[in-house]
Ligand SMILES: [Zn+2]
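Take a look at the structure:
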């Protein structure tokens, strides 16, 4: 267990080091970056936020491992700033390759380029019941805005089926969309190791938000779980918290969680009639230790409303909910 921040890395499997980066004031608590030691070059999987606390944990750990800037490449599993925040800085070292998927990599750079993309993304949620005050607050408090990369990252596109050669065994890139539209994982078949990003987490459930480019993000996520479940996995190395020893069991728990969520939303719609995603989110149970909805920090409200929307989209695709636009709002109801 890595509770002491002074112990900044552990060897998770031979030649693979988990470096725990603190995410202060964030319910995720910490990010797992992984350093895969190679003969000539090493690979760092995910980077942490672009903030001092992450740099202060990452660089001393790399130093202790004897790895210097320019000696390792970077693989970003997906666009979220806790995974990609330091990509631009790290990729600036001469000779460094920064891998990301096509869509997520391009979107990281759009989000970094200025407020236009963010404003469009935030304002689009008004029709789902997000209040103007919330959207205004998110313009300064969304972690993606506060801790995203310092500038444009020149990414090398990684795709399904690519093989990366670092360390003892080849790493296969697999496409696992859902948590983000172009989320990637790395699979090392020889030892059955899965670097799962935020596809599979052990102690917490990955947030599945709505994406405008995906008609059914939750359905797509569940298909990605089906795909990964077919692999022979002895150890999952997730983006946050504990390593996962029994991946099949954990996938079953994640599926069951979303099944319960869908049932909860159906009963909320039974009682509430026509509702926006924000109205549904207010009625759902969230693990915020008894905090009433009005006291949720803005980013938590944002993630909750987006999660409600992904579930409502899934119910709509299944024919178990109806979506209508009325007076500028998107309303969901039972058929
Ligand atoms: Zn994520």
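Numbering (this note's numbering), first residue to last: 6 to 340. Here a beta-carbon is modelled for each residue, glycine too, at the ideal position from N, C-alpha and C.
Nearest neighbour of residue 49 by Cα position, chosen from 328, 306 and 244, turns out to be 244. Using a Cβ-Cβ distance cut-off of 8 Å, the segment 158-178 and the segment 125-144 are not in contact, since fewer than three pairs of beta carbons, one from each stretch, lie closer than that value. According to DSSP, residue 233 shares a beta bridge with no other residue.
In this structure, the C-beta of residue 85 approaches ligand 1 to less than 6 Å from one of its heavy atoms. Look at residue 203: its beta carbon is less than 6 Å from one of the heavy atoms in ligand 1. Straight through space, the alpha carbons of residue 133 and residue 146 are spaced by roughly 20 Å.
Shown here for residue 288: same chain residues with a beta carbon closer than 6 Å to its own, the five before and five after excluded, namely 273 in chain order. With 16 or more neighbouring CB atoms inside 10 Å of its own CB, residue 183 falls in the buried class. Restricted to the segment 74-106, the alpha helix (DSSP H) segments that are unbroken, complete and at least 4 residues in length are 86-89 and 92-96, listed in chain order.
Residue 103 and residue 235 have their C-alpha atoms roughly 29 Å apart. In the displayed model, residue 270 falls within a helix according to three-state DSSP.
Around the beta carbon of residue 264, fewer than 16 other beta carbons lie within 10 angstroms, which makes this residue exposed.
Around the beta carbon of residue 215, 16 or more other beta carbons lie within 10 angstroms, which makes this residue buried. According to DSSP, residue 155 shares a beta bridge with no other residue. From the listed residues 37, 85, 300 and 305, the smallest Cα separation to residue 63 is found for 37.
When the Cα atoms are used, residue 285 and residue 339 turn out to be separated by approximately 13 Å. When only Cα atoms are considered, residue 190 and residue 109 end up about 13 Å apart. Apart from sequence neighbours up to five positions away, the residues of its chain that approach residue 83 with a beta-carbon distance below 6 Å are 109, 185, 188 and 202, ordered along the chain.
Each of 128, 55 and 163 was checked against the Cα of residue 155, and the nearest Cα belongs to 55.
Taking the Cα positions, residue 114 is about 42 Å away from residue 276. With a contact defined as Cβ atoms closer than 8 Å, residue 207 and residue 319 miss out at about 24 Å.
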